[in-house]
Structure formats: C-alpha cells, structure tokens
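These notes concern the structure reproduced below.
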C-alpha cells in the first residue's frame, strides 16, 4: 500500500528547492518510515530527496525501499552516485544488489568505491549462495586483545560511525584470529574500571559459524543460542565477518516458505510469487504435477485389470473418489506433521518406532470413525447391508495405510539424505491413490464373491 | 541426542564433592553447552551441579534445558530453590514455566520471591496468551531523560547485573512515559563527551508495540524494522517491557509451523507432535478429515445420479481417480502459493485480478500438457480415438478450475476475515473432487452422445 500522506508536500518542497525542509524530512523519522513516505515518488524525485541526507542515512533509507524499487533506482542513476551508495551499504546487501546489475557496469561502479570497501565486496562475491559467507557482513566491531577498556572504548567510538550496529565486541589477536567476545552488557558493567584489559572481560567459549556452513544451519545455531550475531570464521579461525539476527529471521522465513511450497509439490520459488515469470512457474509446478499424473495414470490401468469385478458390482464405482481421498488426506496430514516435527527437532530418525505406533493408532481411530460414517451412507447405495460393509472395512485399511506410510516416508527420505519436505507429499499422494484402489477391489472381492 | 562426553567425570566430581571443579565446569563454557553436557544427569544430580553456579548463571543454564526437563526439575525441587531460580529467570520465561505448576504451589513459590520480581511476574500473568504483553520481559535498560551520558553509564553499569542483555537504552520521563531510545552505537560514539544529555542522543521516532497487540503482528514489525528489541507500551505510552529478537524468531518459527499444519488440514498443535496426546491429535485431525469425508461422500451420490451414463461408457470409470487428483493437485499448488504469498506480503487482496489472470494461464499451460499425456494413455483404454478426446478436454478444464479456484479461495477467505491457511486447502480438495466429476461426466455426455 503506497502511503501518499506526504507526497504533495514532498513534491512542492522539491519544486521550490526547500533544502532545509527536505533535510528535516530525511532525518526526523525512522529511516523505514521515511522510505515508506517516499514510495509514491518516481526514481528521479527519490534521488533528489535522498541528496539531502548524508551518505550513511541515504543508504539506510535506501535499504527500506522495496527490492524492485532499489533495483530500479540503481538502474536510473549514474555510476558515481551508485558508488557512494554502495560504499555505505552493508557489504552483504551491496553484493546482493550488484547481482542485479550487468557485470560491466559492476566493474565501473566498483572502480569508484574506496579500496577497502571494494575488497570487502569482491571477497563476499566469491562465496556461494546459501552459505554463511554469502550471508555475512564485514562490519563487525573488532578490537585487539591487548587493549584496556579505556583504549577499547576510544577505538570503538571511532569505529561506531561505519558500523551498522554494535552487537558484540569481538576480540582478535595480532594475526586476526578470533579469540573471544565481550558483550555490551559486560562492557557497560566494567565501565567504572577503565584499566581492565579486554582479555579479562571476554568470554572465550564462542559459538561461531564456518564460512562454508549452510545458511539454514547457521540460522538454527543463532536461534538455539539466542544470539544477536554470530561471528564467521574460516578453517584457521580467522575472523571474517558477522551474521546478524535480522538476516537470520529472513532465512527462517524463507526456509519456512520453501518447506510449505515443497509440501504442496511446488519446487521452491527463488523469487516472490508475483515476480516469478510464468514460464518458471510452469516448470516448477509442471515437473511435480507430471510425476503425480503418472502415479494417477497407474490407477487407470489398475482399474482396467479389475474391470470384470467392477462390472459385476457396479455400485463400487461410486465410492472410488471417497476411498482415494480418505487415504490421501490422512496420509498428507501424517507426513506434514512428521515433516514439521523433523524441522523443529521434535522428532529424530531414531524415533521411528514411536512415530509408527502413534500413527497406527491414529489410523485405527480416524479410520473407524470415518468408516462408520461411510457405512451409513453406503446403506443407501449398496444393494445389501452385507455389501455395504465393504466401505467401512476399506476406509479403515486405507486410512491406516495412509497414516503409516505418510509418517514413515519422510523419515525414510531423510535417512536417504533427501529432503523430506520435497519428496514426501507427492509420494504419499501417488502411492495412496494406487494402494487405495488395490485395497478397495481386494476387500470387495473377498467379501462379495 | 544426549551428549555423554562429560557424564562420567561429572558423576565422579559429584561423588568426590569436588566443588572447585564443578564450579569451573559451570562457568567455563557457554551456558547452552553446559546444559548440553548435563542432559544425561538425573534431576537431583542436575540440581547438585547447578548449586556450584551463582543464581544468575544457574538460571541461564537452566533455560537451555529441554522444556520437559525444566518442568521435571521444577517438580522435584523444594520451593525455596525454585524461588531463587524463578527470581533470576527473565520474567516472561518464569511466567511460562509457572504455567506448568499447580496454582497452590505457584503461590507458595511466589511468596518466597522478592516483591519487585513477584510484582513483575504477577503482572505478566494477567496478559492473554498470544499478545505482546505475554511475550515481553520486564528487564529493559530504562533511564531518565534528564541524565547526562556520564550519569547514564554509571546507572547502567549498576543495572547491567540484572539485565539479560543491553539491546537499546530506553529513555523515559518522570512518570515512566517512553520518550526515546539510544542505541549502543550512539552511546559508544558519544563516549568522549560525557556531559552530553541523553535527551540529545536519543531518537524520538520510535517503533513500539502495544501491550494488546497480537504476537504475529509484533514479530512482523520487529522483522520489518530490523530491530533487536521492541518496547512494549500501554495506551498511555507507559513503558512496560521489551520483546527481544530471540522471542521473535520463536514466534516466526511457530507461526510457520502452524501455517504448514493448517495447509495440510490439521488444526495447529499447541504442543510439539511427540508431546501431543493421541486424543488431542485425533480431534485436531478428525474434524478436518470428517469435513473432507463429507465432501467426498457427495461425489458418491453425484456418481449415482450419472450411473446410466457410466454403465453405457464403462471405460470412463477407469479415469475417475486421475481426473480427481489432477484437479486436487493443481488446486493445492495454487492455494499454497497464494497463501505463502499473502503471508510474506507479496500478494494483497487487491491483486486478485492479476493473480487470477496468472493462474488461468498456468491452468491452460499445465492442463494442456497433462491432457496430452492423458490422451495418449486414453488411446489404450478408450474404444475410439474420438472417445479418447474426452480425457484431455476434461483434464484441461479440471486443471483450469483447480488453479483458479485454488488461487481465489485464499483471497476470499482473507476478505471474509478468516484465516486463508486454515480454510483453503480442505475447501479446494473437497470442491475439486466434486467439480472434477461434474466436468468429467458432462464433457463425456457432450462428446459421446
């Protein structure tokens, strides 16, 4: 929703070149709100307004624009201004943004960025997407272990300008190996003793992430240890950067969305739904739909092989959709519950026997209940009460099959090193269609012959 | 997985009463790891080890035990020790924990807790679950606006002991109204000018949460503004507490799990899967399965009304499962994509026309593709090539119905103020079963008669 509250005033200020007022507009509010109020402006107006903030604030406001907006603003401005912006963005965000710019232009822009920032950006660009390296930023508060608290505060106050935020103070030795961490709480409580050495304030049992770690793993670590930020190190324990809590929330969100999409048999979208081209969407949905379609086709040939039976007891046909969806629905409930339990570390592979026992009981309970309802309806459609018994018996077995299979497949796929969320539901859906028909016809033959 | 690495040593230390070593064990590691190494101990051993840490650290380690463990430890210890623990836990965690204890015992325990902490706990207990009030903790760094930086640091260093962490320094007036916030970065960069007033360092455009706000709303705010913590205020803007980023990650996680479960037609579980009693599980799954079962039952009566047609063209029966699952699968893909897009604010209700257009195109593309595969298989099972045409035409229409219905239902439910995740998939599944049969038989009658 575009906030148009200030648009007329902003445009008037631009027209009348009221620099004082525009500056005031930029600094008075939280950068997120400033960005919100600017949403209705076009690119060139936006840049004109941003000129009235100093580069640090400019970058902060810029970060709160919608992604599409950011890309558009980059595309419409000259390299020099973009370079100033890139210099003041957190390095990880700058890298993400430069991904959207043509390679030649990236080189031209980076040529205008100060050497140290350029080096940071170049280095971050080398890390593979989805790793800790690609997620981290280089703006961390790092101090040498030999400093006293007084010296540390002095250095920090000079560093503070270029830092996004001070989460923890990381302590390194002369060769940039990470040695320990001082929390702002520890810092503040020692403030009365300025000659304390950092080495005496720091904690050395540090939780770190390796630069090659998977982002999901890192997010879980940060969440588990309740950290504000986690330092990223290489195999030699050199301090490389930090990953902050806000990036972790984004990862948790993105991974949750991916899981939901996988459970619904959609290959996870890299981009948002609205921005994903229809060709990509067709592909990501089509592959799974085709697999499911072939599974369902099997049922056609299966039914063909039972055609004689079906002709003799025509009323059986009426319940085919019911039988199939009973198995599919109860199975997808079970697999989803187990998948979410695996994600939240509530269930591990070794718990399979407990899970199976629970799901078998669930199958009996739910299957009996639905079977009873099914029986009473079957009385209207089946020729005799005895024949109607086919329905509850089939529903019971199909639901038990559904819950047991639905709960075990995710564990099997995890064991095989495959993503349980991706594989389970399509398999459960396909298998329960086929098993449903098999059980149905065999129960019918047994009872009715 | 229980970490047994230190268990023998720990037990030996306890046996030999090696207080020095036990104390060292408690303080040397990150509290999360200390807790991990203690997992194999029984309750009374755990308490004995914890005695060697001072109460603050005790509470910190305690928080990293599994929830069941925490509850068990509380149950097996005397009120006095529990009271010490409760005093040192963050007030919001203490409240959650006391929920698990019988009401009379809570009173006995709280009687042993210092008055200020008791008051905090009692106050937090009054907030409804799922609101900002129930999520917040009272341990925030609060200072008066009239202080200078020097005085502020002095007060802070005294407060630091009882604070979990210093995220931001909140500035209040004499009557505890929230006036502004000072970041640790701003604090550190001003450290060379100790006579600066807090009022000159603070930002006044504050993002706050109201104590009555829904926790999901609060989580979204914190994530959007990239905050470490958000202050919680009442309608008169009195400062009541803060909600920290780690609680937000938990909420994001929990909400994601709930959404996944709802999409799979399970009423969200309050507890973890393994700890939810089977009776609760039967209920939470049974209600939706029953609704779905009744929808599927409709298909039986529907098929009954078309029985004459089906008897004349017996081969049509073979494709019933295929037709039904094509609609169901493509529909659940669409509804899941739209539900996740709604959650991530990628799609709003006003975008319905764009969404419908995209999904209609998707339906045509996917439906045509699957229809072609279906046609070639139908050639084997249908009596003539002309008759086989029934299958691709039906699949095409059913898939278009599925994608359009699947994408529109979540928007409709949201418009009606219902949870789109909860309502959509069961409805899509039920409706696509029924529509599938309707389309199928009508296409067949039109072509074959």
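Chains as they are written, first to last, in our numbering: chain A, 565 to 1013; chain B, 565 to 1013. We put the beta carbon where it would ideally sit given N, CA and C, even for glycine.
Q: Return helix, strand or coil for residue 892 of chain A, following the three-state DSSP convention.
A: Within the first chain, the letter at position 328 stands for residue 892 of chain A. Annotated three-state conformation of residue 892 of chain A is helix, per DSSP.
(Q) So, for residue 697 of chain A: in the same chain, excluding its five sequence neighbours on each side, which residues have a beta-carbon less than 6 angstroms away from its beta-carbon? (A) Here residue 697 of chain A corresponds to residue number 133 of the first chain, with the count starting at 1. 691, 775, listed in sequence order.
Q. Under 8 angstroms between the Cβ atoms of residue 947 of chain B and residue 899 of chain B?
A. If you number the second chain from 1, residue 947 of chain B lands on position 383. If you number the second chain from 1, residue 899 of chain B lands on position 335. Not a contact, by the Cβ cut-off of 8 angstroms.
Q) Does the distance from the CB of residue 996 of chain B to the CB of residue 892 of chain B come in under 8 angstroms? A) Position 432 of the second chain, counting from 1, holds the residue named residue 996 of chain B. Position 328 of the second chain, counting from 1, holds the residue named residue 892 of chain B. Going by beta carbons, residue 996 of chain B and residue 892 of chain B fall inside the 8 angstroms limit.
Q: State the Cα-Cα distance for the pair residue 632 of chain B and residue 599 of chain B, rounded to the nearest angstrom.
A: Within the second chain, residue 632 of chain B is the residue found at index 68, counting from 1. Within the second chain, residue 599 of chain B is the residue found at index 35, counting from 1. The straight-line gap separating the alpha-carbon atoms of residue 632 of chain B and residue 599 of chain B is approximately 14 angstroms.
Q. Could one say the Cβ of residue 863 of chain B lies closer than 8 angstroms to chain A's Cβ atoms, at least one of them?
A. Residue numbering aside, residue 863 of chain B sits at position 299 when the second chain is read from its first letter. Taking Cβ atoms only, chain A reaches closer than 8 angstroms to residue 863 of chain B, which makes this a yes.
Q: May I ask which residues mark the beginning and end of the alpha helix (DSSP H) holding residue 950 of chain B?
A: Along the second chain, read from residue 1 onward, the residue named residue 950 of chain B stands at position 386. Looking at the DSSP string, the run of the alpha helix (DSSP H) that includes residue 950 of chain B is 949-952.
Q. Beta-carbon separation of residue 766 of chain B and residue 749 of chain A under 8 angstroms?
A. The sequence position of residue 766 of chain B within the second chain is 202, counting from 1. The sequence position of residue 749 of chain A within the first chain is 185, counting from 1. Between residue 766 of chain B and residue 749 of chain A, the C-beta spacing is not below 8 angstroms.
Q | Interface partners of residue 883 of chain B on chain A, CB under 8 angstroms | A | Here residue 883 of chain B refers to the residue found at position 319 of the second chain. Here the neighbours are 864.
**Q.** CB contact below 8 angstroms: residue 761 of chain B versus chain A
**A.** Indexing the second chain from 1 puts residue 761 of chain B at position 197. Chain A contact via Cβ: absent.
Q: Report all residues from its chain with a CB closer than 6 angstroms to the CB of residue 866 of chain B; omit the five preceding and five following residues, and keep chain order.
A: Working through the second chain from its first residue, we reach residue 866 of chain B at position 302. Close CB contacts of residue 866 of chain B within its chain, under the 6 angstroms cut and outside five residues either way in sequence, are with 1001 (chain order).
Q) Grouping DSSP H, G and I as helix and E and B as strand, with all else coil, what is residue 794 of chain B? A) To locate residue 794 of chain B, count along the second chain from 1; it is residue 230. Strand, per DSSP.
Q.
Buried or exposed, going by whether 16 or more other CB atoms sit within 10 Å of the CB of residue 982 of chain B?
A. Stepping through the second chain from its first residue, residue 982 of chain B is reached at position 418. The residue is exposed, with fewer than 16 neighbouring Cβ atoms inside 10 Å.
Q | Per-residue DSSP class, three states only, for residue 921 of chain A | A | For the purposes of this step, residue 921 of chain A is taken as residue 357 along the first chain, with counting starting at 1. In the structure shown, residue 921 of chain A sits in a helix (DSSP, three-state: H, G or I).
Q.
I'd like to know whether the C-beta of residue 1004 of chain B is nearer than 8 angstroms to at least one C-beta of chain A.
A. Numbered from 1 along the second chain, position 440 holds the residue referred to as residue 1004 of chain B. Output row for residue 1004 of chain B: interface = no.
Q. Is the beta carbon of residue 965 of chain A sitting closer than 8 angstroms to the one on residue 1012 of chain A?
A. Stepping through the first chain from its first residue, residue 965 of chain A is reached at position 401. Stepping through the first chain from its first residue, residue 1012 of chain A is reached at position 448. It is not a contact, given that the beta carbons lie outside the stated cut-off.
Q: Please confirm whether residue 840 of chain A and residue 833 of chain A have their CB atoms less than 8 angstroms apart.
A: If you number the first chain from 1, residue 840 of chain A lands on position 276. If you number the first chain from 1, residue 833 of chain A lands on position 269. Cβ distance < 8 angstroms, so residue 840 of chain A and residue 833 of chain A count as in contact.
Q: Please classify residue 894 of chain B: is it buried, with 16 or more other beta-carbons within 10 angstroms of its beta-carbon, or exposed?
A: Here residue 894 of chain B corresponds to residue number 330 of the second chain, with the count starting at 1. Looking at its Cβ environment, which holds 16 or more other Cβ atoms inside 10 Å, residue 894 of chain B is buried.
**Q.** Contacts that residue 877 of chain A makes with chain B (C-beta to C-beta distance below 7 angstroms)
**A.** If you number the first chain from 1, residue 877 of chain A lands on position 313. Simply none; closest approach about 12 angstroms.
Q) From this set, B:760, B:778, B:625, B:794, which residue's C-alpha is nearest residue 769 of chain B's C-alpha? A) As a working mapping, residue 769 of chain B is identified with position 205 in the second chain. Measuring C-alpha to C-alpha distances from residue 769 of chain B to each of B:760, B:778, B:625, B:794 identifies B:794 as the nearest.
(Q) For residue 821 of chain B, would you say it is in contact with chain A, using Cβ-to-Cβ distances shorter than 8 angstroms as the test? (A) As a first step, residue 821 of chain B must be located in the second chain, where it is residue number 257. Yes - at least one Cβ of chain A is within 8 angstroms of the one on residue 821 of chain B.
Q. Anyone know if the C-beta pair for residue 569 of chain A and residue 601 of chain A falls short of 8 angstroms?
A. For this step, residue 569 of chain A is matched to residue 5 along the first chain. For this step, residue 601 of chain A is matched to residue 37 along the first chain. Between residue 569 of chain A and residue 601 of chain A, the gap from beta carbon to beta carbon is short of 8 angstroms.
(Q) Which of the three DSSP states is assigned to residue 898 of chain A in this structure? (A) To locate residue 898 of chain A, count along the first chain from 1; it is residue 334. Helix.
**Q.** residue 648 of chain A - containing alpha helix (DSSP H), residue span
**A.** On the first chain, residue 648 of chain A is found 84 positions in, with the first residue counted as 1. In the DSSP annotation of this structure, the continuous segment of the alpha helix (DSSP H) that includes residue 648 of chain A starts and ends at 643-652.
Q.
Distance check for residue 771 of chain A and residue 703 of chain B, CA to CA, integer angstroms please.
A. Against the second chain, residue 703 of chain B aligns to sequence position 139. Against the first chain, residue 771 of chain A aligns to sequence position 207. One alpha carbon belongs to residue 703 of chain B, the other to residue 771 of chain A, and they sit about 24 angstroms apart.
Q) By a C-beta neighbour count over all protein chains shown, 10 Å radius and 16 as the cutoff for buried, is residue 581 of chain B buried or exposed? A) Numbered from its first residue, the second chain carries residue 581 of chain B at position 17. By the neighbour-count rule (16 or more Cβ atoms within 10 Å), residue 581 of chain B is not buried but exposed.
Q | Where residue 596 of chain A meets chain B, residues with beta-carbon distance less than 9 angstroms | A | What you label residue 596 of chain A is simply residue 32 of the first chain in a count that begins at 1. Neighbourhood of residue 596 of chain A in chain B, by CB distance below 9 angstroms: 771, 788, 789, 790, in chain order.
Q | Within-8 angstroms CB hit, residue 616 of chain A to chain B | A | Within the first chain, residue 616 of chain A is the residue found at index 52, counting from 1. Any Cβ of chain B closer than 8 angstroms to the Cβ of residue 616 of chain A would place that residue at the interface, and such an atom is absent.
Q) Since residue 786 of chain A and residue 809 of chain A are thought to touch, with beta carbons under 8 angstroms apart, how far apart are those beta carbons, to the nearest angstrom? A) For the purposes of this step, residue 786 of chain A is identified with residue 222 of the first chain, where counting begins at 1. For the purposes of this step, residue 809 of chain A is identified with residue 245 of the first chain, where counting begins at 1. About 7 angstroms separates the beta carbon of residue 786 of chain A from that of residue 809 of chain A, a gap short enough to meet the 8 angstroms contact definition.
Q | Segment limits, beta strand (DSSP E) that includes residue 806 of chain B | A | If you number the second chain from 1, residue 806 of chain B lands on position 242. That run of the beta strand (DSSP E) goes 803-808.
Q: Return helix, strand or coil for residue 744 of chain B, following the three-state DSSP convention.
A: As a working note, residue 744 of chain B is residue 180 in the second chain. Here residue 744 of chain B sits in strand by DSSP.
Q) Can you tell me whether DSSP reads residue 946 of chain A as helix, strand or coil? A) By 1-based counting over the first chain, the position of residue 946 of chain A is 382. Coil, per DSSP.
(Q) In the DSSP assignment, the alpha helix (DSSP H) including residue 733 of chain A goes from what residue to what residue? (A) Taking the first residue of the first chain as position 1, residue 733 of chain A is located at position 169. That residue, residue 733 of chain A, is in no alpha helix (DSSP H); its beta strand (DSSP E) goes 732-736.
Q) Should residue 806 of chain B be labelled buried (16 or more other beta-carbon atoms within 10 Å of its own) or exposed? A) Translated into positions along the second chain, residue 806 of chain B becomes position 242. Burial call: buried.
Q. When DSSP labels each residue in this structure, what does residue 690 of chain B get in the three-state scheme?
A. Residue mapping note: residue 690 of chain B aligns to position 126 of the second chain, counting from 1. Under the three-state reduction of DSSP output, residue 690 of chain B falls in the coil class, being neither helix nor strand.
Q: Could you confirm whether any beta carbon from chain A is found closer than 8 angstroms to the beta carbon of residue 590 of chain B?
A: Position 26 of the second chain, counted from the start, is the residue given in the question as residue 590 of chain B. Residue 590 of chain B does not count as touching chain A.
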